[in-house]
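Student:
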Amino acid sequence: MANNDPTPEQIDQLTAFLPAFETHGREFGHWDVSDPNSEVMHFPYAIYDEDVDRFFKLASQPCFADLQYSEKNPGEWIKSAGFYENATLDQLRSVLTWWVRGERFSEGLWFTALKDGHIQSLLRRMQELRQMMT
């Protein structure tokens, strides 16, 4: 394990969000939209539930970051059937960084990551890899 890799304890902190994220029908937050009766208009923006914000803040730590993620094109990896089931920790870090940083460029991307089960699949695989560390 390289010095920048997450420790088992850091992985445990991240995967602790899995049960809450697996709640069936969960919305994970909402969109704030302009009041049609107001004179002030604004573009809609995502307001995430508190635990979603905490998760992505934790996922932003250097131990989970892959600064070369864009060169690897993780957005293509996740389209492959079975990707998460066979991913390495380094691949999961690349994908996680892609999701974390993608919100800056695509408001509401975290809704997609959670509602489509990407984060849950990533966390399940991370749990499996964590068990192999002991």
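Numbered according to our numbering, the sequence shown terminates at residue 140, and the numbering increases by one at each position without gaps. Cβ atoms here follow ideal geometry from the backbone N, Cα and C, with glycine treated the same way. Remember, it's a predicted structure, so these values are computed and weren't measured experimentally.
(1) Measure the Cβ-Cβ separation of TYR75 and ARG99 and say whether it is below 9 Å.
(2) Throw me the rounded Cβ distance for the MET138 and LEU20 pair, which I believe falls under 8 Å.
(3) If the criterion is Cβ atoms closer than 9 Å, does the pair GLY3 and VAL58 meet it?
(4) Can you give the Cα-Cα distance for ASN10 and LYS63, rounded to whole angstroms?
(5) Quick one: residues in its chain with C-beta nearer than 7 Å to the C-beta of LEU135, no 5 flanking neighbours on either side, listed in chain order?
(6) Taking just the CA atoms, how far does ASP72 sit from GLN16?
(7) Return the first residue and the last residue of the beta strand (DSSP E) that HIS36 is part of.
(8) Is LEU115 closer than 9 Å to PHE70 when the C-beta atoms are compared?
(9) Which same chain residues end up closer than 8 Å to MET47 when comparing Cβ atoms and leaving out the 5 residues on each side of it in sequence?
(10) Under three-state DSSP, which class holds ILE53?
(11) One question on the structure: do PRO80 and GLN67 come within less than 9 Å of each other, judged by their Cβ atoms?
Tutor: The relevant details are as follows:
(1) yes
(2) The Cβ separation is near 16 Å, so there is no contact.
(3) In the structure displayed, the chain extends from 7 to 140; residue 3 sits before or after that span and is not available.
(4) 17 Å
(5) LEU95
(6) 16 Å
(7) 35 to 38
(8) no
(9) SER40
(10) strand
(11) no
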